Amino acid sequence: MNRSLLRSLLPIISLAVVLGATFYVQPRTMSYFGLNLMLQYAVPIALATIAQMFIITVNDLDLSIGPFVGLVGCISATLLYSNPLLGTLALLLCIAAYAAVGALIHSRNLPSIVVTLGLSFVWLGIAVLILPSPGGKAPGWLKSIMALQTPFIPFPIIAAIVIGLVVQLALMHSSLGVIARGAGGNPRAMARAGWSMLKTKAAMYALAGFFGVLSGLSLLGLTTSADAHVADRYTLYSIAGVILGGGEFIGGRVSPMGAVIGALTLALAGSFLIFLRISPDWQIGAQGAILILVLALKAPLTTREASK
Amino acid sequence: MTSIWNRFRHESWIWSFLAAIGVWLATITYTGGQGAGEILTAALSFATFSIIVGLGQMMVITTGPGNVDLSIPATITLAGVVAMKVMDTDSARLLLGIGAALGVSFLVGAFNYGLIRLLRIPPIIATLSSSFLVLSTAISYGRGIRIKPPLPLDSFATMRFLGIPLAAVFVAVLSIVLAIVIKRTLYGRAVVAIGQNPRAAWLAGINVNRTRFITYALSALLAGVCGILLSGFSGGAALNMGEEFLLASIAVVVIGGTSVAGGRASVPGIWGAALFMYLLVTMLNTFGASAGVRLIMTGVIIITVIVIAGGEREQR
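Protein chains in written order, with our numbering: chain A, 41 to 348; chain B, -15 to 300.
Encoded structure:
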């Protein structure tokens, strides 16, 4: 079998292995209800992973996506709940802020890691100001969307496939997508060819902000009340998800469908470890081990390809 | 005066010191000059820990884009837990404890490099995954009651001489040694060369793999030193003691003027940045800012500093 094909299939294979292992350990999860329960939190993680993927496409890294998702939750549980118009405006402002940060990073040629590190403090600070202690209420429509009972196939799976397909079409088959990936591959060449790298970067950051907002909304729909710190781990999950899905940190090589699959794998790995009943001390360590194991599979394929 | 200014203006690290001095002046102006010295003493004590891990992170980041050590917090915790447990409040077992803590730290560094080299995992993800394993090890090994540090370690970490913490002097010596290593030794030059262009460095006959291995091991060892000192300073090890150093270690390196793209390190910048970060929090506390405002201001100022200091100049 072709190596590059095998490499692109790797995310699906790892997901299948983790899913199979979960079914084996706990056969009762092999049902509509079981899958729904296990995968519901995969939706906000998948959306945050897509947001991170847009940033990685242009060779940057977003260390603030977790706190941003938390902030969106806080805004939505307070402002959007009590005053839908003002709440929507605030969320749009968040997306505009993301675009502005992208433009700033490009125009001053700043290291994205540091800027987004600073931003993570800003998002967390605003969230704490809005909601000093956990609370607030999710808007009713949000809760009903996330509790949707679709026929035959559980809602989280349908949502993940739709998200993956839409972004796959937008990034891999549109002219903006080609320019954006080109900007990750060789920004200078793209700029020489007459494309505005400023606009491209601002657009990619805005898209990341948009998917960050979606992630925050879907998470709030599940938790029904907000907390500034609820999504702090999403920063690491989202980066790991993109890489598990076959993306690379530089060169504009990303895969939207892969990123969604990577996010699903991470969410499932969490449930799998709970079913395994390993000691709570080793829960987080086992998560690290799974991550290493999946990435280790990628190694022989990459090595052979590079030496060709 | 102008000639001095002209000499230093182009050093990337000068900005972090200017920022630190500015924040300190703003604080003592607000208090009317009260506690100016005490604030500096406290800043030196607390900055010491970010400086130690910052030095290790700086070496890793200098080896080139994508290189970063996210396992520092977990290593700090593991080293602290191991040191306290092996010492078991007994002064006679002090060296044994230090040796054991540094030993496991070295193993973490070697494991990190093994993942990066043998499994070709990107350093961010490799050190992140290994940090999960390291943290779990610390949690499971450190079960039970809090163990106090033996007296000599406690006094070494907290003793002050004329307002200058002893630990800060120790770290100053460490920094000078590392600065000389970077400028004058084969290893130091190799780190910088690899950061600028790994292929050219390899063609020039530099052992790239060995240099990277030493760098990851060094970062883990320094995290271990930080863990030991920090447990002495705060009266024992805690499972969350490393947490704040994930962001702090990266922030002090970059605010200090070390190039994120690799190939340019700045030891004095780490000092300026670490003092700045601590003095900033002190200033906001003095002004009576709420937790939310404090967080926002910290973020805004980090971004402002990096915008003023300017980004990477076009290299290639």
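All residues carry an ideal CB built from backbone N, CA and C; glycine is no exception. Given the structure is predicted, the values throughout are model-derived calculations rather than measurements.
Among the options, the one whose alpha carbon lies nearest that of residue i
i: Tyr245 of chain A; options: A:Pro84, A:Ser54, A:Thr89 and A:Val98; result: A:Val98
i: Trp255 of chain B; options: B:Gly246, B:Leu268, B:Ala273 and B:Val157; result: B:Val157
i: Ser44 of chain A; options: A:His269, A:Thr264, A:Gly286 and A:Val218; result: A:Gly286
i: Lys69 of chain B; options: B:Ser274, B:Leu2, B:Ile131 and B:Leu54; result: B:Ile131
i: Met42 of chain B; options: B:Ile285, B:Asn193 and B:Val236; result: B:Val236
i: Phe33 of chain B; options: B:Gly240, B:Leu213, B:Arg194 and B:Val161; result: B:Leu213
i: Pro136 of chain B; options: B:Asp72, B:Ala184, B:Leu117 and B:Arg196; result: B:Asp72
i: Val253 of chain A; options: A:Phe161, A:Gly291, A:Lys338 and A:Ala130; result: A:Ala130
i: Thr11 of chain B; options: B:Thr282, B:Thr270 and B:Ile292; result: B:Thr270
Boundaries of the alpha helix (DSSP H) in which residue i is found, first to last residue
i: Phe289 of chain A; result: No alpha helix (DSSP H) holds Phe289 of chain A; DSSP gives it neither H nor E.
i: Ser376 of chain B; result: Since the first residue shown for chain B is -15 and the last is 300, residue 376 of chain B is missing from the structure and cannot be characterised.
i: Lys132 of chain B; result: First-last for Lys132 of chain B: undefined, no H or E at that position.
i: Asn318 of chain B; result: Residue 318 of chain B lies beyond the residue range present for chain B, which begins at -15 and ends at 300; the question has no answer from this structure.
i: His146 of chain A; result: Pro124 to Ser147
i: Ser243 of chain B; result: Premise fails: Ser243 of chain B is in no alpha helix (DSSP H) and is neither H nor E.
i: Phe217 of chain B; result: Val192 to Phe217
i: Asn269 of chain B; result: Val251 to Thr270
i: Cys160 of chain A; result: Here residue 160 of chain A turns out to be Ser, not Cys, going by the sequence shown. First-last of the alpha helix (DSSP H) with Ser160 of chain A: Ser152 to Ile170.
i: Met186 of chain A; result: Gly180 to Met186
i: Ser114 of chain B; result: Pro107 to Tyr125
i: Thr15 of chain B; result: Ile(-2) to Thr15
i: Arg104 of chain B; result: Taken as a continuous stretch (DSSP letters only), Arg104 of chain B belongs to no alpha helix (DSSP H), as it is neither H nor E.
DSSP-derived helix/strand/coil call for residue i
i: Ile23 of chain B; result: helix
i: Gly175 of chain A; result: strand
i: Ala266 of chain A; result: strand
i: Ser347 of chain A; result: With a pLDDT of 41 at Ser347 of chain A, under the threshold of 50, the modelled position of this residue cannot be trusted, and the question is left open.
i: Pro191 of chain A; result: coil
i: Ile148 of chain B; result: strand
i: Gly256 of chain A; result: helix
i: Asp74 of chain B; result: coil
i: Arg317 of chain A; result: coil
i: Val238 of chain B; result: helix
i: Val98 of chain A; result: coil
i: Arg221 of chain A; result: helix
i: Val273 of chain A; result: Contrary to the premise, residue 273 of chain A reads as Arg rather than Val in this sequence. Coil.
i: Gln327 of chain A; result: helix
i: Tyr81 of chain A; result: coil
i: Ala233 of chain A; result: coil
i: Ile286 of chain B; result: helix
i: Val294 of chain A; result: coil
i: Asn42 of chain A; result: coil
i: Ser54 of chain A; result: helix
i: Gly83 of chain B; result: helix
i: Gln66 of chain A; result: coil
i: Leu49 of chain A; result: helix
i: Thr169 of chain B; result: coil
i: Ala67 of chain B; result: helix
Outcome for residue i when other beta-carbon atoms lying within 10 angstroms are tallied against a minimum of 16
i: His269 of chain A; result: exposed
i: Asp100 of chain A; result: buried
i: Thr13 of chain B; result: exposed
i: Asp267 of chain A; result: buried
i: Ile287 of chain B; result: buried
i: Ala88 of chain A; result: buried
i: His213 of chain A; result: exposed
i: Ile37 of chain A; result: Outside the displayed span of chain A (41 to 348) sits residue 37 of chain A, for which this structure offers no information.
i: Ile201 of chain A; result: exposed
i: Arg221 of chain A; result: buried
i: Val161 of chain B; result: exposed
i: Met267 of chain B; result: buried
i: Asp74 of chain B; result: exposed
i: Arg278 of chain B; result: buried
i: Asn96 of chain B; result: buried
i: Gly226 of chain B; result: buried
i: Thr156 of chain A; result: buried
i: Trp(-3) of chain B; result: buried
i: Lys167 of chain B; result: exposed
i: Ser173 of chain A; result: exposed
Contacts that residue i makes with chain C (C-beta to C-beta distance below 9 Å)
i: Ile279 of chain A; result: Absence of chain C from the displayed structure is noted, the protein chains being A and B.
> Which of the residues in the stretch 253 to 287 of chain B, read from start to end, lie with their CB under 9 Å from any CB of chain A?
Replying inline: Within the stretch 253 to 287 of chain B, the residues whose Cβ lies closer than 9 Å to any Cβ of chain A are, in chain order, Ser274, Ala275, Gly276, Val277, Arg278, Leu279, Ile280, Met281, Thr282, Gly283, Val284, Ile285, Ile286 and Ile287.
> What residues in the stretch 87 to 121 of chain A have a beta carbon less than 7 Å from any beta carbon of chain B?
Replying inline: If the cut-off is 7 Å between Cβ atoms, the stretch 87 to 121 of chain A has nothing near chain B.
>> To be precise: take each residue of the stretch 315 to 337 of chain A, compare its Cβ to all Cβ atoms of chain B, and keep it if any distance is under 8 Å. Which residues remain?
In response: From the stretch 315 to 337 of chain A, only Ser319, Asp321, Trp322, Gln323, Ile324, Gly325, Ala326, Gln327, Gly328, Ala329, Leu331, Ile332, Leu335 and Ala336 have a Cβ closer than 8 Å to chain B.
> Closer than 9 Å, Cβ to any Cβ of chain A: which residues of the stretch 101 to 122 of chain B, in chain order?
Replying inline: So the close ones are Leu102, Leu103, Arg104, Ile105, Pro106, Ile108, Ile109, Ala110, Leu112, Ser113, Ser114, Ser115, Phe116, Leu117, Val118, Leu119, Ser120 and Thr121.
>> So if I threshold CB-CB distances at 9 Å, which residues from the stretch 161 to 174 of chain A count as touching chain B?
In response: Taking a C-beta cut-off of 9 Å against chain B, the contacting residues of the stretch 161 to 174 of chain A are Phe161, Val162, Trp163, Leu164, Gly165, Ile166, Ala167, Val168, Leu169, Ile170 and Pro172, listed in chain order.
> Relative to chain A, which residues along the stretch -2 to 17 of chain B have a C-beta separation below 8 Å, given in chain order?
Replying inline: Identification of residues in the stretch -2 to 17 of chain B having a C-beta nearer than 8 Å to some C-beta of chain A yields an empty set.
> Looking at chain A, which residues of the stretch 27 to 42 of chain B have a Cβ within less than 8 Å of any of its Cβ atoms?
Replying inline: Cβ contacts with chain A: none found.
> Can you list, in chain order, the residues of the stretch 221 to 235 of chain B whose Cβ is nearer than 7 Å to any Cβ on chain A?
Replying inline: Residues Leu231, Ile234 and Ala235.
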